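Contents: one structure, followed by commentary.
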Amino acid sequence: MAEPATRALRTDTMVLSMGPQHPSTHGVLRLELMTDGEVVQDAIPHIGYLHRNFEKYAENLTYPQIIPYTDRMDYIAAMNNELGFVLTVEKLLGRGPRPVEVPEKAEYIRVIVCELNRIASHLLAFGTYGLDIGAFTPFLYAFRDRETILELFEELSGARLLYNYIRVGGVARDFPPEFHHRLRRFLDYFAPQVDVYDTLLSNNKIFLERTTGIGVLGVDDCIQNGWTGPNIRGAGLAWDLRKEEPYSIYDRFDFAIPVGKNGDCWDRYMVRMNEMRESVKIARQALDQMEERGLLEDENFTANVRGTLRPPAGEIYMRTETPRGDLGYYIHSDGSDRPARVKVRSPCFTALSALRDMSRGLLIADVVAIIGSIDIVMGEIDR
Amino acid sequence: MTPEEIHDHLLDRFGGDVVTGLVQSDESDPKSPVIYDPAQSMIGASAIADVAMFCRDDDALRLDALMCLSALDRGAHLSVVYNLHSMAHGHVAALRVDVPRTAAVVPSVERVWTTASWHEREAHDLMGIAFSGHSDLRPLILPEGWEGYPLRKDYEAQEYYRGMKVPF
Amino acid sequence: MTHPIEAFAARLRTTLAQTTETLELGGRWPEAIPLEGLIAIMLVLLAAVSVALIAVVPIVLVLMERKISAYFQDRLGPTRVGPWGVLVTLADGIKLLFKEDLIPPQADKMLFRLAPYVVFGSSFAVVAVLPPFRSTVIGNLQLGLFIYLAVSSLVVLGIIMAGWSSNSKYSLFGALRGAAQMVSYEIPLGLAALMIVMTAGTLNMQHLVMDQVGGIHRWYMFRNPFLFIGAGIYFISSIAEVNRTPFDLPEAESEIVAGFHTEYSGLRFAYFFLAEYANVFVVSGICVALFMGGWSSPIPGFQALPGIVWFVGKVLVLVFVMMWIRWTVPRVRVDQLMAVCWKYLLPISFVNIVGTGVVVLLEREGWGAELPIGIGHMMWIAVPVVLLVLGLLAFSGTAPVRPRPTTVGR
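Chains as they are written, first to last, in this note's numbering: chain U, 3 to 385; chain G, 76 to 243; chain H, 511 to 920.
Listed below in structure tokens is the structure:
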């Protein structure tokens, strides 16, 4: 009964169900991994564990009531989500009989809080990426600095995570007294801090070995897969809506678009690190311009939005640059005080959809590195 | 190119049978305007995949990025709106397909833009639009075997899902 | 040859005879009391006391790790239980004691129960060969180093048992990674130890330390450049042997949850946990004994402090370095782990073996006997050259550190 040795040594693929509870799936993502030893032959993402059907909620709420729900999509960068929705509604209102005039102070506050939230979001991405690769310490450094931002937000809006701060016509509250001093102190402190992170993690030999050349997606593939934000910039395309279609008052600031070169994990990660520097620049310029224009003493932080908001009927699609990419809102209005349909185009959703093609033939540890590098938030994917 | 010019370009190429009309803003009555931003080119359902391929590959259009694929419930019709963007030329366009509620089948544009794959799965899940030619239309967001399409206006939640009471 | 216990009994009998004589008890130990039995009981008690004492070591190390990591990470660490939080590991131990002891229903129950004891037992058994004093208390074995290499390899058996019996995929991955890693790294580790054996000509730990007495220049580590590199190889391999970052793949949290002990809870988990820290202590202790002079004082002529202070001090320095590394660097990937072992450590080890052999041979032939320093120390002139070659080896074929992405404004 001598069987050939090759038949006796037949191996089989093993299905590894990674998640929904797993330390490095960044929420409740489940990956169905077909593994041959450590090699991943196929990785099928399963989502929906956090699905609340935001879009159905939105159909039953008035426009201002929707804003807190947008917070709960990308809860890491809630301010940016709010801004996107509010700008879309304001744009629609602007074509109607009762346009909303946003005061200049509110525009500056919006830019400042959004850039701060971008920093907070990238800090989280940086910290958890360190965890994914196996370094624990950067995570706590990142959280220490994120904490300061959250404290500033708490002072401003009363909440640390889900702010409901940006409203149609302006913002919910004015800067508290002396707030701009604390803000400036944070910006002064934080600008050199990014260099500390770079020495701690970015240029670490092991970190480089783990992330360079892993999960490469070129510019054309990025566009095909609908990638936006830091992910496509990592591939080398300087695509940033703040420059391409300047919304709010982003055309008044001088900042650069960091781009990568090869489109691998390290490039995507590094784009985020450099974006934090740019965000500090923008926030600082905004603060300076506020001072120059005497806006700090101005008490006009919101337009007079009285009565029920009834945008004109029609359909509008608008997108803004969140820390994760283009966040688009498609609003179908029937002229009433509630939208007939709100569709959200989530940047993480499209980013995750490319994971399957990217992870074939890599190791389990590489899949973890890729998930971390595209910086997903399940709240926004499942909505 | 503006969305209107893109519409004319498509009309030249495909003719009135396929490109059936342009839905655009009507601001003649300042009291109650109707806004379409961007204006939408109505496309016959059966031809959408060809039109999409043309939009992507035509040198003048080069609409290489599918920004958003939205499914809407307009009562008698369900519609799919494709918001397109050209990274090369920097212009945007919107295509729209209306299908009857009872026979909601739209050809898939997955082959044109890879990202459409998940968007179509989501639209299939939540709005009940079948995308013919799609490689994998399994439920993406809803659990396996969920009944009904939650984003339709006439949706009512099922009473039990696998023995669990649904409306709490 | 008499049995060690008999020999010891004979020696004790003589001592007792002298003592009883001075105490005027008639010069004789009462024959009615069987001395051998007494000695056996004493040995068992001694073993129990030693294990109890050594069991304190991981508890101290856990506290040390938590405090050190906290200070690295700009936080305070445990502060609540006891002054400066010193009792927190005890509190943790009590908590683990009262936790539910879960055994997965699909597990191989016998192996699942046995695995923690195999790991714990083999980690603690090797403590016996550590030479912490001038006079060894536990086991002055002629084959001490060999025993260490043999018994510490049993840990991997326990890890495979744990991973296989859990019947969980993450555990299986952890076990297989652990097996591959520990078996691979045992080779450079053994070769590094072999260099010492070649130089000293003995496997007895106590004799190895004796040979290094007399100051820091007598340490094997500084005897010649090959042994210095050997010490580095030994240290790197021992980090891999105890599964600590950057080689913590068998329990890589972000990839395979907790690796081979994913399914363990309560006291069984505590056994793995204690064994890990006992291992850290043991590999550091062996490293100190082999390369850093054991209990001997590094300052020539300075004998004021007892040997145990030097020994523990040196071990804690090494443990601190391990913790420093753990809380600083990320984890390598599984193929990179193997590459480090087979492509770098192993060839360097072979070169080292040859080099050490040359030095030993030259010393035996009496070369440089007329010089004020030994031939090995003379070899230190070659250090820059060796380091240059090693540097070229280590950095050839790997990607150079890339600059930051350029920033393009539009």
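Every residue gets a Cβ at the ideal spot worked out from N, C-alpha and C, and that includes glycine.
Remember, it's a predicted structure, so these values are computed and weren't measured experimentally.
- Going by C-alpha positions, Arg112 of chain U is about 53 Å away from Pro614 of chain H.
- Here the alpha carbon of Asp134 of chain G sits roughly 19 Å from the alpha carbon of Ser116 of chain G.
- At a cut-off of 9 Å between C-beta atoms, Ile208 of chain U counts as an interface residue with respect to chain H.
- Here DSSP, grouped into helix, strand and coil, assigns Thr95 of chain G to strand.
- In the three-state scheme derived from DSSP, where H, G and I count as helix and E and B as strand, Lys609 of chain H is classed as coil.
- Assigned with DSSP and collapsed to three states, Tyr157 of chain G falls in strand.
- The Cβ atoms of Met715 of chain H and Thr866 of chain H do not sit closer than 9 Å to each other.
- Within the segment 643 to 729 of chain H, the complete alpha helix (DSSP H) segments of 4 residues or longer fall at 654 to 662, 664 to 675, 679 to 710, 715 to 720, listed in chain order.
- For Gln115 of chain G, the uninterrupted beta strand (DSSP E) segment begins and ends at 115 to 118.
- The beta carbon of Ser121 of chain G sits closer than 8 Å to the beta carbons of Pro182 from its chain, once the five residues preceding and following it are set aside; these are given in chain order.
- Listed by position along chain U, the residues whose Cβ is nearer than 8 Å to that of Ile118 of chain G form an empty set, because the closest Cβ is around 16 Å away.
- Taking a beta-carbon distance threshold of 9 Å, Asp229 of chain G does not count as an interface residue toward chain U.
- In the structure shown, the three-state DSSP call for Pro735 of chain H is helix.
- In this structure Ser361 of chain U is not in contact with Ala122 of chain U, their Cβ atoms being roughly 28 Å apart against a cut-off of 8 Å.
- Going by DSSP, Met202 of chain G is part of the alpha helix (DSSP H) stretching over 191 to 202.
- From the beta-carbon of Phe582 of chain H, the residues of chain U found nearer than 7 Å are Thr139.
- Lys240 of chain G is bridged by DSSP to G:Tyr235.
- If only complete runs of 4 or more residues are kept, the segment 66 to 98 of chain U shows the alpha helix (DSSP H) at 80 to 96, in order along the chain.
- The beta carbon of Ala762 of chain H sits closer than 7 Å to those of Gly769, Arg841, all from its chain and outside the five residues before and after it, given in chain order.
- Comparing alpha-carbon positions, the option among U:Arg279, U:Glu211, U:Thr324 lying closest to Val850 of chain H turns out to be U:Glu211.
- Straight-line spacing of the CA atoms in Thr64 of chain U and Pro341 of chain U works out to 7 Å.
- Annotation: Gln43 of chain U is outside any alpha helix (DSSP H); the continuous beta strand (DSSP E) that includes it extends over 41 to 48.
- In chain order, Ser694 place their CB closer than 8 Å to the CB of Trp852 of chain H, counting only its own chain and leaving out the 5 sequence neighbours on each side.
- Scanning its chain for C-beta atoms nearer than 8 Å, with the 5 sequence neighbours on each side dropped, one finds around Leu365 of chain U the residues Glu40, Val41, Val42, in chain order.
- For Lys345 of chain U, the beta-bridge partners assigned by DSSP are U:Tyr332.
- Looking at the DSSP output, Leu35 of chain U sits in a beta bridge with U:Leu18, U:Ala45.
- Taking 9 Å as the cut-off, the Cβ atoms of Asn83 of chain U and Asp73 of chain U count as close.
- Taking all protein chains shown into account, His194 of chain G has 16 or more neighbouring C-beta atoms within 10 Å of its C-beta and is therefore buried.
- A Cβ-Cβ distance of about 6 Å is found for the pair Leu217 of chain G and Gly50 of chain U, placing them in contact under the 8 Å criterion.
- Beyond the five residues adjoining it in sequence on each side, Asp173 of chain G comes within less than 6 Å, by CB distance, of His152, Ser154 in the same chain, given in chain order.
- C-alpha of Pro179 of chain U to C-alpha of Ala161 of chain U: approximately 18 Å in a straight line.
- For Pro242 of chain G, not one C-beta of chain U is nearer than 9 Å to its own C-beta.
- Between Met202 of chain G and the set G:Pro175, G:Val94, G:Asp112, G:Gln99, the nearest pair of CA atoms involves G:Pro175.
- Under the Cβ distance rule, Ile373 of chain U does not count among the residues neighbouring chain G, no pair being separated by less than 9 Å.
- Among the CB atoms of chain U, one or more fall inside 9 Å of the CB of Ile216 of chain G.
- The residues Thr64, Asp339, in chain order, have a CB closer than 8 Å to that of Thr310 of chain U in the same chain once the five nearest residues on each side in sequence are set aside.
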